[in-house]
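As structure tokens, the structure follows; a few thoughts come after it.
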Amino acid sequence: MPTRYTFGGDEHLFVECSDEMSLEAFFKSLSMANGVKESGIKGITEICPANASFQIKFDPDQIKPEDVLREVRAIEGAAERAEPVIRTRIVEIPVFYNDPWTNETLMRFRERHQEPSGTDLDYATRINGYGDVDDFVAAHSGSPWFVSMVGFVAGLPFMYQMVERQRQIQVPKYLRPRTDTPRLTVGHGGCFGCIYSVRGAGGYQMFGITPMPIFDPTQTTSYLRDFMVFFRPGDIVKFKPIDRDAYDQAVEDVDKGRFSPPVREVSFDLREFQKDITGYNTRLEGMINGH
Amino acid sequence: MAIKVLHHGLATTVQDLGRPGYFHLGIPLGGAMDRYAMRAANLLVGNDEGSAGLEAVFLGPKLEFTEDAVVAVTGADMPAKVDGVEQPGWTAFSVRAGQTLTFDFLKSGARIYIAVAGGIDVPLALGSRSTYPIGALGGYKGRPLAAGDELPVGAANGSGEARSVAEQLRRLPAAPVALRVLPGLYWDRLSDEAKLSFFADEWKVAPEADRMGYRFRGGRKLSFVEREQPFGAGSDPSNIVDSCYPYGSIQVPGGTEPIILHRDAVSGGGYFMLGTVISADMDLIGQMQPHTPTRFVEVTMDEALAARAEENTRLEALRTSLR
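Residue numbers (the working numbering), protein chains in the order written: chain A, -9 to 281; chain B, 4 to 326.
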């Protein structure tokens, strides 16, 4: 499908690279969004990359909408020819799956769920064809994820699982959204994973919780002192299952300023990845462990 | 100089003209919903247009001043009183040390803007003093005001002379409200019938209307062009692969109740949007009460830009008149 350009009122240009999700569409939209950023087109005030699309906010008092459109279109060709390689970082996020806090919350909102008799994990396990919850958790934490968008609310990452489409975990959202979700819940809706950066409403299925804050407006968390938002589009995430003791320890470490998430700089090449997804992911995982 | 909050009203927050530049991380622009009224209030008391003031919705706060101050209240028609004596709206007035500012009932509109000479001097957060409660960011401790709060006020730089905004430069929505919309984004997901009924029907503001978004009810349910849903989009025909949401964009989850995203918008999500309210009409939304009858009016980009130019002219006239 060709890239689609459409205006969001007189202040936004919306660019949809594909109406379906894929790593190719994500790469094209990220690369175009970066291209627009580098071009320094006057009058453009915000550039927001999303999963398979991106959005530009401009000041129509400084630049005509038709000129924004023309200049952004000109960038599309270059973005298509660009090497599908990004410099990014891989980060390991500890997750306490099947934790008491998301369990308490999902019980409170059970009448809004497709399957009121079990947990969100039970449901996701069953509809994705896994034998038991442990197998499901192994799949969820067994491959890396791309942060394909940061947003909804402050600092929340949308994550796209880096496996063949037929292996991707997919679950519908709650029938009706919850009015409460614990802060740092690891959730999933459609084909996207997320981490709730703040407590609040939500419709994604809840699988677990991470002890690692990802948004801190007070900027007192040791690794968020420079900037209050942890994630950036293009980050690669690997989940690491932890138990209650490790969770409690990590929470204490965060409080005492001793926690630092394992992060490595990496170069990601989409073509190499697609040639051997499992092998490429194993190498990525090795980098986290310092290999 | 400080202002003591004796009562918080319903939901009163510190706001300025917002926090551009962080929407790509999910942190919205924020700031006054009615930016024109906020600018006017600031200009009246000799502040920069972007100084921080208070936005109060439906019900005014009760405030005590520790020192003499020059104050102006703009936006909705909700008369201000100093120690019980009514003060004119859209006009600067004096408050003496120890006096209390209260408000009468709301007569029209939805939000008042209270500016104090010197501005509310809370710390800047990402370049703005506006309150983003979901992120506990900015404003007074990242939250709406509560009784017992003490708001610091900066040094005044105005002369304190009584100034007033001319009647023709005050702006509130007429009833019923007409909001101009540029169709676009995922407009073509709608059936031909829905494209007509959206603009033909009368809608009403629902009780769920806040700084994040305004919801509407009362029009016919919108139907969609049939399709096999793209991978990653979700099963409902109103779902799309999660994308960014423009300010002013109109999403209609399930095709039933349109929601216009406003200053504290979520930055993205998985609902299709049929178009966007033009920038010239965004301030008006902030002055709409629940149950307000509303029509959406289809416009072209040229008409949207002409409306914007008109608003810019009005703002220039306001600046000139208060210089």
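Just so you know, even glycine gets a beta-carbon here, dropped at the ideal spot from N, CA and C.
Run through the DSSP bridge pairs and tell me what residue i is partnered with.
i	result
Lys7 of chain B	B:Glu67 and B:Glu153
Lys47 of chain A	A:His2 and A:Glu36
Thr211 of chain A	Paired residues: none, contrary to the question.
Met196 of chain A	A:Gly177
Ser252 of chain B	B:Thr279
Phe217 of chain A	DSSP output for Phe217 of chain A lists no bridge partner at all.
Cys184 of chain A	A:Phe148 and A:Gly177
Arg266 of chain B	Paired residue(s): none; Arg266 of chain B is not in a bridge.
Gly216 of chain B	B:Leu264
Tyr116 of chain B	B:Glu58 and B:Thr77
Tyr189 of chain B	DSSP output for Tyr189 of chain B lists no bridge partner at all.
Beta carbon of residue i: closer than 8 Å to some heavy atom of the ligand ZN?
i	result
Gln52 of chain A	The ligand ZN is absent from the structure shown, which contains no ligands of any kind.
What do you get for residue i, buried or exposed, if any count of 16 or more other CB atoms within 10 angstroms of its CB means buried?
i	result
Asn160 of chain B	exposed
Gly119 of chain A	exposed
Gln195 of chain A	buried
Arg192 of chain B	buried
Asn279 of chain A	exposed
Leu199 of chain B	exposed
Pro91 of chain B	exposed
Val81 of chain A	buried
Arg183 of chain B	buried
Glu105 of chain A	exposed
Val300 of chain B	exposed
Gly63 of chain B	buried
Arg215 of chain A	exposed
Val228 of chain B	exposed
Arg214 of chain B	buried
What's the gap between the Cα of residue i and the Cα of residue j?
i	j	result
Pro147 of chain A	Pro223 of chain A	8 Å
Gly221 of chain B	Phe205 of chain A	39 Å
Phe99 of chain A	Ala212 of chain B	23 Å
Ile185 of chain A	Gly272 of chain B	14 Å
Thr77 of chain B	Trp93 of chain B	5 Å
Arg254 of chain A	Ser282 of chain B	43 Å
Gly151 of chain B	Phe229 of chain A	44 Å
Met218 of chain A	Pro203 of chain A	10 Å
Glu306 of chain B	Val280 of chain B	12 Å
Lys54 of chain A	Phe4 of chain A	15 Å
Val256 of chain A	Arg79 of chain A	5 Å
Met11 of chain A	Ile6 of chain B	52 Å
Ser324 of chain B	Phe26 of chain B	34 Å
Pro240 of chain B	Leu277 of chain B	13 Å
Leu13 of chain A	Ile37 of chain A	20 Å
Ala139 of chain B	Arg146 of chain B	6 Å
Leu308 of chain B	Leu104 of chain B	40 Å
Ala165 of chain B	Asn45 of chain B	13 Å
Gly33 of chain A	Asp57 of chain A	10 Å
Glu101 of chain A	Tyr113 of chain A	14 Å
Asp286 of chain B	Phe68 of chain B	29 Å
Gly101 of chain B	Leu47 of chain B	22 Å
Tyr250 of chain B	Thr109 of chain A	36 Å
Got a sec? Which residues, its chain only, sit under 6 Å from residue i by beta carbon, not counting five neighbours each side?
i	result
Gly33 of chain B	Gly21, Arg22, Ser133, Tyr135, Arg266 and Asp267
Val123 of chain A	Leu111 and Thr115
Pro82 of chain B	Glu89 and Asp107
Ala197 of chain B	Leu225 and Ser226
Thr295 of chain B	Val180 and Val208
Asp284 of chain B	Leu182 and Arg183
Val119 of chain B	Ala72, Val74 and Val156
Arg311 of chain B	Ser282 and Ala283
Gly257 of chain B	Ser241
Gly29 of chain B	Ser270
Glu61 of chain A	Ile31
Within the same chain, show all residues whose beta-carbon is closer than 7 Å to that of residue i, passing over the 5 residues directly before and after it, in chain order.
i	result
Ser111 of chain B	Ala79, Asp80 and Leu175
Asn271 of chain A	Ser133, Pro134 and Met152
Ala43 of chain B	Thr77, Trp93, Val168 and Leu321
Ser21 of chain A	Ala69 and Ala72
Ser246 of chain B	Gly271
Ala113 of chain B	Val60, Phe61, Ala79, Gly289, Gln290, Met291 and Gln292
Met(-9) of chain A	Ser8 and Asp9
Could you name the residues of the same chain whose beta carbon sits closer than 8 Å to that of residue i, not counting the 5 residues immediately before and after it, in chain order?
i	result
Val125 of chain B	Val17, Ala55, Arg132, Gly141, Gly142, Tyr143, Leu154 and Pro155
Gly190 of chain A	Val143, Asp170 and Thr171
Between the segment 160 to 176 of chain A and the segment 191 to 204 of chain A, do at least 3 Cβ pairs fall closer than 8 Å?
-> Here the segment 160 to 176 of chain A lies against the segment 191 to 204 of chain A, with 3 or more beta-carbon pairs under 8 Å apart.
Taking one C-beta from the segment 150 to 166 of chain A and one from the segment 178 to 192 of chain A each time, how about it: are there three or more such pairs within less than 8 Å?
-> With the cut-off at 8 Å, the segment 150 to 166 of chain A and the segment 178 to 192 of chain A touch.
Does the count of Cβ pairs from the segment 49 to 66 of chain B and the segment 10 to 18 of chain B closer than 8 Å reach three?
-> Verdict: yes, contact present.
Taking one C-beta from the segment 85 to 93 of chain A and one from the segment 63 to 74 of chain A each time, how about it: are there three or more such pairs within less than 8 Å?
-> Judged by Cβ distances under 8 Å, the segment 85 to 93 of chain A makes no contact with the segment 63 to 74 of chain A, as fewer than three pairs qualify.
Between the segment 309 to 321 of chain B and the segment 36 to 47 of chain B, do at least 3 Cβ pairs fall closer than 8 Å?
-> Contact holds: three or more Cβ-Cβ distances are below 8 Å.
Would the segment 258 to 278 of chain A and the segment 234 to 244 of chain A be scored as touching if the rule is three or more Cβ pairs under 8 Å?
-> Touching, no, given that fewer than three Cβ pairs across the two stretches are closer than 8 Å.
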